[in-house]
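Q: Residue numbers (our numbering), protein chains in the order written: chain A, 1 to 678; chain B, 679 to 1356.
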């Protein structure tokens, strides 16, 4: 069954053999300036949920039962007493969810009694909680001290308890990242973004603040992509963010995909609007009535407009910074062409630009291909995509999509022109494309490159590329010598800036170089330039790359040539490392028995496939976790997720003669890429 | 009394001596592709409102009583029968309003009966209708044929009938502008924007589509201003468009200014939200809680963030493209500083940048100064502004504002740091600024430079600077010669583009050069480059400036140097012409008796002034149209508007010793600029 958003719909009447379940909320000790991340524990009434164990599981300090004000601020629920699991859907910000293994071990049909009113089957509860990415915990174990990093890394155990336990980094400072990327990927992701100052959580759920370091990356992407599309004749424009319901609902297939997520304005000041007005989830229906008006002759074609704007999709699934947000920034291109060939050529041209954003700017490898009928954009003819890969979770991620809409929208909105062959020929409906790339790209980039010390940013897009730091100054250093080192460091900074390298210096004497090193590693500054007495004596500077700590000694006379080279090499190395990981986890699988094990090795799969939608659905179901005792939980965050088609890559391995589909008995028509995905 | 937005509040009970008034709506003949602009006629029941007269008044064709569907689409009113003047507030798009002089001639206290339920005093009706810019019409006259342009220009008559009558341009083609800028400014403005393809009307009232030619100007402004602010250490960021009501309402003075215009989201998909969420009208309260969180030490200051975004202010006044729109694009800068001096210095620096956008990019002269207490930004300490001037209406227009907020917001949001002098000193609340410039600038630019042939765009910001047109090709021209002229023209275009001049060519043989000239004049392409047989023979090209039709002959060998020079000269000349008009209509007035006459000569006024708010209000009231038989209607679109303070210019004339305030008996403390305004 599909996930239900409305919790109460799942509830059933209590039965004699119901098992009582408790839902507790804990608040960990949190710095005053930070928003607390509550911990929700769902356990059998009979299970003892020790605070120390919860602390260990979540890498937090001193979790205590939350007071009513936290229920109000985080779950819009008056008090602890009124709280039930339905309130999780209203969470105003992040929370962690721990689920008692004793519940997981129940039969699917077991009825669980949540309170006097609410009861639910175990399988429905599991499905419902799954959207919040629960961590399953064996509360019957004693709380253990965190195990060391070394033993965590080598631990082959698959029990989630041990894994989560060890996520806390032993040597982490409070100011740095405190959880291990390998062991608590989502906790790490949150920390690396907030502590790296890319992003902050906002008091409207699902919305985030893009701070300068992430917005600067977006600006680099904008500039690059904007130049590319203008060179092929695209112009920028701005259409209103509001859509009347009449217009929004014009294209049925299309609106069906968006309707549940549309935000509606119904009031202005103290006046109720006569008709509610939608905020655009995308602008096809906003723009196309005007295309119909503006396009009066085939000479008006092609029309190629692009917008840089924000759109709103009020999703009820658990939000995730950059990847799933209720408002997000993107560009949306909408073009109309006289011929199908012209439109199709552009679809692929744009897809190449998207791949360029990932590979050339963000150092993220992607695979270009075509979406299946099931996964394509609703209302369009076909969708092309570039697909990325997140090594830690082994999941694929849709990077950006370029759609050919065919004549579907042009017929609906009457975007047509007289036939260029003459009025005796039938009129021609325009062939349309739409294509979009969002700030999601930044999330993918962070997931792929960053590490336990913080952000790692590709030099081409980093807001700041180099930090210049005076070093080697100690108690014995004379004032004069200190002044000279500072002054020379500033000269280095000035020269780099004059050479259009984005450099800054930190000459604050209140902090040690070591503290500064950690700070700028956290923030992902690509290159650290250390300048001390020895460097001065040798007329050199020491450069250290953020991605791999590699050190270079650069003669001061070579500054303007060597530093850009080092930055470019770093960019290439970051790409190659990511590509190697993707390549080694993209495997050709031809027999079904090898399919799920490959997923569990965190691979995406290229498999010969028949192209039939029923088979696609069968593969998804059959690769999801089943209740037959098998252990698929190698990825503890997405243990039961089935494999979806990611795309049919344009670059195809050779199909064998008479090769059958990996799953059914039909003939394979192509290799398609499958994987668990975001 | 002040204008009321809610029409029904104005209504009174009918009396025995009430005069019956009718409200009729006409639809003129309109091309199918265009949105019809209805004409609302408000007249005494006894007045005969001939269709031909209405056509003449409005420069439209064949107006007929509108059908119910127009009432529904334009006024959200089920049918003609249900229509009353209150529906004007709900107008979905532009309409024209004609008001019977017979009503204007009634006594102020006369009760007018609109229908069985609604009656209203004449003065309240006048006030209410004023917001829709009515044109007063003497229906007792016979419909006359349009008078000729020449006689219209020389006509000294002040009766609105003759003025509006002649607004239709006699020689206008349907495709070009059909009304005269001098005589129907608002009709002209609408046409020049839509026919020049800057903007289109949208089906949500108060929202407009920025088409590529206007968005390209916005991009030029963005690039220029963005470089300037980054050079002084401002960084870009993006904050969510949504605000919770709790946060929005934190600063009382501030929210009071915006509350009536805030748009509220109350529903997502089919779920009602627990709490309504506002769309930002501006981001002070969105951003400042996070400033409080991020600023922990005086070393974190200054913080200087800017956003390029859109904001929503759901105004109920009549919308006007670029000048008053419900959603608009702008930038908003928000900075926090350790010292007042630092903050104040920035306020003025930003104001200089704003003046630069107007004067250097848009060729629009502005006056820099300070707003009065009455006109400053709510919640701030003081507001600086650059003020522009629209010659046709003689009205001032606020260009862009830069506010010093003092410590008002920082105290409210607790944006504070430990005193740099040490913890024994009191903690310091940050000194804050906010500053914004919106797409309004584009409207001001169009109003000032454009003419009856269409747009006139300053070369520095125009999307396209030159159009290359082959000319002199006729029936006698050989195919070979035509081919050579085309090829040489294309070479010119290529060379210009290579020299980074934004040039394009039009080699379509289906249209005559004359038709093309008119087209590109309508669109405001700064320079037309004509290339014909004679030009080819002389190795030259003929350049024609859009602003003044001035012709240049340019040797082909000088193309890359001369064309940029001509464009730059044109930019300067456009600025000088606009400056001359502003300078000659900005007059020093020292006696009150000269004040209103100067306004009526379409001037803004520099007057010695006491600086007291009560006096400011008195000046506004006293300069508004009064019912004493005097004729102030030189500007028929804003006949009864009083003069507001525009700013106190930084550049001050010399005050005489013991100079008194222009209006009251207090001592003048400065010259302040007064004017009717947008």
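For each residue, glycine too, the CB sits at the ideal point set by N, CA and C. Nothing here was measured: the structure is a model prediction, and the numbers come from that model.
Roughly how many angstroms lie between the CA atoms of residue 706 of chain B and residue 1125 of chain B, to the nearest whole one?
A: 26 Å
Q: Please return the same chain residues whose Cβ sits closer than 8 Å to the Cβ of residue 522 of chain A, not counting the five positions on each side in sequence.
A: Counting only residues of its own chain and dropping the five nearest sequence neighbours on each side, residue 522 of chain A has a CB closer than 8 Å to the CB of 175, 176, 177, 195, 196, 453, 454, 455.
Q: Using the three-state DSSP reduction, which class does residue 1350 of chain B fall into: helix, strand or coil?
A: strand
Q: I'd like to know if residue 497 of chain A contacts chain B, where contact means its C-beta is closer than 8 Å to some C-beta of that chain.
A: Not an interface residue.
Q: Cβ of residue 752 of chain B within 8 Å of Cβ of residue 769 of chain B?
A: yes
Q: Relative to chain A, which residues along the segment 901-929 of chain B have a C-beta separation below 7 Å, given in chain order?
A: 913, 914, 915, 916, 917, 918, 919, 920, 922, 925
Q: In this structure, what does DSSP give as the bridge partners for residue 433 of chain A?
A: Assignment of beta-bridge partners to residue 433 of chain A by DSSP yields A:335, A:404.
Q: Have a look at B:903, B:1067, B:1020 and flag the residue whose alpha-carbon is nearest the alpha-carbon of residue 1082 of chain B.
A: B:1020
Q: Is there a Cβ from chain B that is less than 8 Å from the Cβ of residue 253 of chain A?
A: no
Q: Closer than 9 Å, Cβ to Cβ, to anything on chain A: give me those residues from the segment 941-952 of chain B, in chain order.
A: 941, 942, 943, 944, 945, 946, 947, 948, 949, 951, 952
Q: Can you grab the Cα-Cα spacing for the pair residue 1259 of chain B / residue 1044 of chain B, in whole Å?
A: 12 Å
Q: With residue 945 of chain B as the anchor, note down where its beta strand (DSSP E) starts and where it stops.
A: 941-946
Q: Identify whether residue 112 of chain A lies in helix, strand or coil by the three-state DSSP scheme.
A: strand
Q: When burial is assigned at 16 or more other CB atoms within 10 Å of the CB, is residue 1249 of chain B buried or exposed?
A: buried
Q: How would you call residue 690 of chain B, buried or exposed, if buried means at least 16 neighbouring beta carbons within 10 angstroms?
A: exposed
Q: Quick check: is the beta carbon of residue 955 of chain B nearer than 8 Å to any beta carbon in chain A?
A: yes
Q: What alpha helix (DSSP H) runs, 4 residues minimum, are completely inside the segment 1175-1245 of chain B?
A: 1191-1200, 1211-1215
Q: Taking Cβ positions only, does residue 1105 of chain B come closer than 8 Å to chain A?
A: no
Q: Relative to chain A, which residues along the segment 1135-1164 of chain B have a C-beta separation below 7 Å, given in chain order?
A: none
Q: Check whether the Cβ atoms of residue 1245 of chain B and residue 1143 of chain B sit closer than 8 Å, and answer yes or no.
A: Taking 8 Å as the Cβ cut-off, residue 1245 of chain B and residue 1143 of chain B qualify as a contacting pair.
Q: Buried or exposed: where does residue 150 of chain A fall if 16 or more other Cβ atoms within 10 Å of its Cβ makes it buried?
A: The pLDDT assigned to residue 150 of chain A is 34, lower than 50, so where the model puts this residue is not dependable, and the model offers no usable value.
Q: Grouping DSSP H, G and I as helix and E and B as strand, with all else coil, what is residue 154 of chain A?
A: Unreliable positioning characterises residue 154 of chain A in this predicted model, as indicated by a pLDDT of 36, which lies under 50. The coordinate reading is nonetheless provided below. Three-state DSSP puts residue 154 of chain A in a helix.
Q: Can we say the segment 64-79 of chain A touches the segment 106-119 of chain A, given the rule of at least three CB pairs closer than 8 Å?
A: These segments do not touch.
Q: Is it right to say residue 503 of chain A is buried, meaning 16 or more other beta carbons lie within 10 angstroms of its own, or is it exposed?
A: In this structure residue 503 of chain A is buried. Its beta-carbon is surrounded by 16 or more other beta-carbon atoms within 10 angstroms.
Q: Among B:1198, B:794, B:880, B:1300, which residue has its Cα nearest to the Cα of residue 772 of chain B?
A: B:880
Q: Would you list the residues sitting across from residue 1126 of chain B in a DSSP beta bridge?
A: According to DSSP, residue 1126 of chain B bridges with nothing at all.
Q: Under the DSSP definition of a beta bridge, which residues are partnered with residue 1008 of chain B?
A: B:987, B:1116
Q: List the endpoints of the continuous alpha helix (DSSP H) containing residue 748 of chain B.
A: 746-753
Q: Chain A partners of residue 1008 of chain B, CB-CB under 8 Å?
A: The contacting residues do not exist; residue 1008 of chain B stays about 12 Å from chain A at best.
Q: For residue 57 of chain A versus residue 89 of chain A, is the C-beta distance shorter than 8 Å?
A: For residue 57 of chain A and residue 89 of chain A, no; Cβs fall outside 8 Å.
Q: Given that residue 674 of chain B touches chain A, what residues does it touch there, using C-beta distances under 9 Å?
A: Residue 674 of chain B cannot be examined here, being either before or after the span of chain B that is shown, 679 to 1356.
Q: Determine the extent of the alpha helix (DSSP H) in which residue 276 of chain A is found, giving its start and end residues.
A: Run containing residue 276 of chain A: none in the alpha helix (DSSP H); it sits in the beta strand (DSSP E), 271-279.
Q: Using the Cα positions of residue 164 of chain A and residue 184 of chain A, report the straight-line distance between them to the nearest angstrom.
A: Reliability of the predicted coordinates at residue 164 of chain A is poor, the pLDDT of 38 falling under 50, and no value is obtained from them.
Q: Output, in chain order, the set of chain B residues within a Cβ distance shorter than 8 Å of residue 691 of chain A.
A: Given a span of 1 to 678 for chain A in the structure shown, any question on residue 691 of chain A remains unanswerable.
Q: For residue 100 of chain A, which of A:406, A:650, A:309, A:139 has the nearest alpha-carbon?
A: Answer by Cα proximity: A:139.
Q: Which whole-angstrom value is the C-beta distance of residue 698 of chain A and residue 471 of chain A, which I expect to be below 8 Å?
A: The question about residue 698 of chain A has no answer here: the residues shown for chain A are numbered 1 through 678.
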